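First up is the structure itself, then whatever we jot down about it.
Protein chains: 2
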Amino acid sequence: MSKKSPAAIERKVTIHDIAREAGVSVATVSRTFSHPDRVREATREQILSICEKHHFVADAMARSLARRRSGFLAVIIPSLYNSIYAASTQAIQNAAEAAGYTVLIGVSEFSKAREAQLIRQFVERRVEGLILTGADRDRDAQQLILRNQVPSVITWLIPPRSALPWVSFDNYAAAAAVVDHLAGLGHRRIALVCGRTDVNDRALARRRGFEARMRALHLSFGPADIRECEFDFTEGRKAMRGFLDRGDPPTAVFCANDIVAVGALYECQRLGKRVPDDISIVGFDDLPLAQYVFPQLTSVRVPAAEMGAQAVELLLGLIAGNRARSRTLRTEIVVRGTSAPPPGA
Amino acid sequence: MSKKSPAAIERKVTIHDIAREAGVSVATVSRTFSHPDRVREATREQILSICEKHHFVADAMARSLARRRSGFLAVIIPSLYNSIYAASTQAIQNAAEAAGYTVLIGVSEFSKAREAQLIRQFVERRVEGLILTGADRDRDAQQLILRNQVPSVITWLIPPRSALPWVSFDNYAAAAAVVDHLAGLGHRRIALVCGRTDVNDRALARRRGFEARMRALHLSFGPADIRECEFDFTEGRKAMRGFLDRGDPPTAVFCANDIVAVGALYECQRLGKRVPDDISIVGFDDLPLAQYVFPQLTSVRVPAAEMGAQAVELLLGLIAGNRARSRTLRTEIVVRGTSAPPPGA
DNA sequence: CCGAGGAATGTAACCGGTTACATTCGCCGA
DNA sequence: TCGGCGAATGTAACCGGTTACATTCCTCGG
């Protein structure tokens, strides 16, 4: 139907063009989209058909500016590689989408500087809300959030004391529960492999939980029983190797991350150590991966998707002006094939 | 220094506020950020210190509108769970960031409708460039891209014929190479497990490559030798079970995805089939996971990060008005412990 | 001493929408 | 017949920046 116009030179069509062609004012065109009920049906249909004809797509940036609402929510996660964040991020996406928001995803790569940069970018973009991972961040970035009063929620950690609300499970308690599980099976010598506590406050919380419960149960452990490393398969192997090389290796190893746990498991198998007969291994996160290995990995299930969804819910409340009500979610140990009583028990 | 003003009522500070306080025009304030060299140093420093004092953060949306440049690049991937996309996406992020762009990530969840919706959103946001996965998409969405002349690049697939340029490896050839590898080891009965070819044109390309090379080598195969399924561990187990239950199972199984391959491997181990002695398995993507299992998985390495980086490079060229030069990247079979000559060879 | 010319800054239009308020218009009841 | 009222639409300011062009102010050579 439509005669081809010289597409090459065609400037982007605006509501002014539409208004001119329809013989109405820009206000009417605008209303056709924003408040259709306030435009007579005949007018509306005529305008819509002209828009159709020119493939008009309204400029969301201009709209955001005029409405003083960006329509953006942002989330910052440490890594795309660890698929545990996929679950929470996807849940965030879905919940945000349902509420009409677009989600900006920032990946900090465990760097405070990078995270600060992302936060600044997001504030510049005037995100309406922000979902953060952990609570340990650059001072200026934190100030930026507070001063600009960007509604924010902390996830993956219950912050010790924070100006910001949270939706998270309790890393400290979850780690302590793993110690209970292993001690309950009869283990006395339990080692820990966790993330780098200097750049990762979630790892720190897990470590503290482990240490506290070990002490409470009068189970002795020394510096050699605790290893910090990146979330990496090879690191898990190395850590396990380190334990096994000792004169009196632990009978159980708690890896505060499944990838590391699988690395540890692999190393045991390579060295002829039977899991769980000779040594028990417990992971954390309950990634799909935990079920892919043989024997399947005992791990701590974390409510990632639920956390994401609830974080958005809380955030929407904050944006609407409600008071913040932090939420603590439950974790659960999924006992599978890598944890059993110690040898000779 | 600064006297506390009633923070609660404080409206967001704009360049007008800054200009007033500094006794200059808004143009000078704007220039202080956009063209610092065009402002006298004394003036600039005074303005900057006032900005500092009020924690002024320029509004990126207003800036985008005025400059007619959103500063957004967008990428659409099918899933966050498959960590192979993490690598390309991260590379895209880094390259885009380096060029001063912010990346919008869209997850289509293998749905054409969802993808179309994302594309529309991105066009509304006036993204300056778009990185797509595959070439099989909603007609209207495709039209939207073309008519609005959004610079775009297709990744993960070399499109059969497309108006859009691509940066990808060759799924068809890579699958054929796997057949060569297995046939070279002496296998004659080779089965395939691949993704759902109705919603995934990358899976289709792999399947076609498999079929073509099998025929070229005069290796017979029937419908029972090919299974399509989701990228899922359990699906891999089921598929392998299906093959093993037959009277004459294949001696090699090519899984066009590592997750599925690991599922297949797991099922073999569970049923007492030795890999690779009794049966060979080859995966695709060479995820980190491939090295986590025992024996380690033979798989096809795909240049995900390189693809992402080059896609951005091409995109930046397109945005700058250069002609599109599609690029084809190389894949490589990484031979590990799951592929060997068939029994009795 | 004067005018040219460049540096610094100001003026105001503009980006593409939204919306408060004003205006127009038709209909209805008094 | 007329004022009032609500629905439909128009007018124009505004969102918060950018920038072309104009203006002001110096410096300096002739």
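Chains as they are written, first to last, in our numbering: chain A, 1 to 345; chain B, 1 to 345.
Cβ atoms here follow ideal geometry from the backbone N, Cα and C, with glycine treated the same way.
Note that this is a predicted model, so its numbers are computed, not measured.
Sequence-distant residues of its chain with Cβ nearer than 6 Å to residue i (five each side left out)
i: V312/A; result: I92, A95, A96
i: S339/A; result: P276, S280, V282, T298
i: A7/A; result: Confidence at A7/A is low in this model, with a pLDDT of 33, below 50, so its placement is unreliable and the value that follows should be read with caution. Correct list: empty, nothing qualifies.
i: F33/A; result: none
i: A176/B; result: G209, R213
i: G263/A; result: F233, G236, R237
i: D286/A; result: S299, R301, V334
First and last residue of the uninterrupted alpha helix (DSSP H) at residue i
i: R215/B; result: 201-216
i: A99/B; result: A99/B -> no alpha helix (DSSP H), and no H or E assigned at all.
i: L185/A; result: 171-185
i: F243/A; result: 233-244
i: R227/B; result: Not the alpha helix (DSSP H): R227/B falls in the beta strand (DSSP E), residues 226-228.
i: I15/A; result: 15-22
i: A116/A; result: 112-124
i: E313/B; result: 304-319
i: A264/A; result: 258-270
Beta-carbon gap between residue i and residue j smaller than 8 Å
i: R227/B; j: V193/B; result: yes
i: E109/A; j: R137/A; result: no
i: V293/A; j: L265/A; result: yes
i: R202/A; j: L157/A; result: yes
i: G337/B; j: Q296/B; result: yes
i: A224/B; j: D258/B; result: no
i: V335/A; j: R301/A; result: no
i: S261/A; j: A87/A; result: The residue asked about is misnamed: residue 261/A is Ala in this sequence, not Ser. In this structure, A87/A does not lie closer than 8 Å to A261/A by Cβ.
i: L132/B; j: I105/B; result: no
i: L118/B; j: I76/B; result: yes
i: A324/A; j: L316/A; result: no
i: Q90/A; j: V29/B; result: no
i: M61/B; j: L65/A; result: yes
i: T331/A; j: A174/A; result: yes
i: P159/B; j: A141/B; result: no
i: P343/A; j: D278/A; result: yes
i: V26/B; j: H16/B; result: yes
i: R31/A; j: R40/A; result: no
Host beta strand (DSSP E) of residue i (start-end)
i: V26/B; result: No beta strand (DSSP E) contains V26/B, which is instead part of the alpha helix (DSSP H) from 26-34.
i: S280/B; result: 280-282
i: V300/B; result: 299-301
i: A348/A; result: The first residue shown for chain A is 1 and the last is 345, placing residue 348/A beyond what the model contains.
i: T328/A; result: 327-329
i: I77/B; result: 72-77
i: T133/B; result: 129-133
i: S152/B; result: 152-155
i: A252/B; result: 252-255
i: I333/B; result: 332-334
Close Cβ partners of residue i (< 7 Å) along its chain, the five nearest in sequence each way excluded
i: E52/B; result: none
i: D180/B; result: R213
i: K4/A; result: Below a pLDDT of 50, predicted positions are generally treated as unreliable, and K4/A, at 34, falls in that range; the measurement from the model is reported next regardless. Within the same chain, K4/A has no close Cβ partners at all.
i: K12/B; result: none
i: A205/A; result: L157, N171, Y172
i: L50/A; result: What sits at residue 50/A in the sequence shown is Ile, not Leu. Excluding sequence neighbours, I50/A sits near I18, E21, A22.
i: F231/A; result: N82, G195, N257, I259, V260
i: V199/A; result: F110
Cβ-based neighbour list, residue i, same chain, cut-off 8 Å, excluding 5 preceding and 5 following
i: P288/B; result: S83
i: R274/B; result: C268
i: A345/A; result: L185, G186
i: D248/B; result: R189
Counting Cβ pairs, one atom from each stretch, are 3 or more of them under 8 Å apart for the segment 146-156 of chain B and the segment 113-133 of chain B? Touching, per the Cβ criterion.
Count the CB pairs spanning the segment 200-220 of chain A and the segment 15-23 of chain B that are closer than 8 Å, and state whether there are at least three. As far as the Cβ criterion goes, the segment 200-220 of chain A does not touch the segment 15-23 of chain B, which means the pair count is below three.
For the segment 79-101 of chain B, list every residue whose C-beta sits within 7 Å of some C-beta in chain A, in sequence order. Within the segment 79-101 of chain B, the residues whose Cβ lies closer than 7 Å to some Cβ of chain A are L80, Y81, S83, A86, T89, Q90, Q93, listed in chain order.
Three or more C-beta pairs below 8 Å linking the segment 249-263 of chain A and the segment 183-201 of chain A: A contact exists between the segment 249-263 of chain A and the segment 183-201 of chain A.
With three or more beta-carbon pairs closer than 8 Å as the criterion, would you say the segment 158-170 of chain B touches the segment 70-88 of chain B? The segment 70-88 of chain B and the segment 158-170 of chain B do not touch, with fewer than three beta-carbon pairs separated by less than 8 Å.
Contact between the segment 64-77 of chain A and the segment 124-134 of chain A is defined here as three or more beta-carbon pairs at a separation below 8 Å; is this criterion met? Three or more beta-carbon pairs separated by less than 8 Å link the segment 64-77 of chain A to the segment 124-134 of chain A, which places the two stretches in contact.
Closer than 8 Å, Cβ to Cβ, to anything on chain B: give me those residues from the segment 223-240 of chain A, in chain order. Hits within the stretch, in order: F233.
Under 9 Å (Cβ pairs) to chain B, residues found in the segment 145-166 of chain A: Per Cβ criterion, the list reads R147, N148, Q149.
Proximal residues, the segment 42-68 of chain A versus chain B, C-beta separation under 8 Å: Within the segment 42-68 of chain A, the residues whose Cβ lies closer than 8 Å to some Cβ of chain B are H55, V57, A58, D59, A60, M61, A62, S64, L65, listed in chain order.
Please identify, using Cβ separations under 8 Å, the residues of the segment 286-305 of chain B that lie next to chain A, in order along the chain. For the segment 286-305 of chain B, which is checked against every Cβ of chain A, the residues closer than 8 Å are P288, L289, Q291, Y292, V293, F294.
Output needed in chain order: residues of the segment 275-286 of chain B with a Cβ under 9 Å from some Cβ in chain A. Flagged: no residues at all.
Chain-ordered residues of the segment 111-126 of chain B with a beta carbon less than 8 Å from chain A: Cβ contacts with chain A come from R120, Q121, V123, E124, R125, R126.
Please name the residues in the segment 314-336 of chain A whose beta-carbon is closer than 9 Å to at least one beta-carbon of chain B, in chain order. So nothing in the stretch comes that close.
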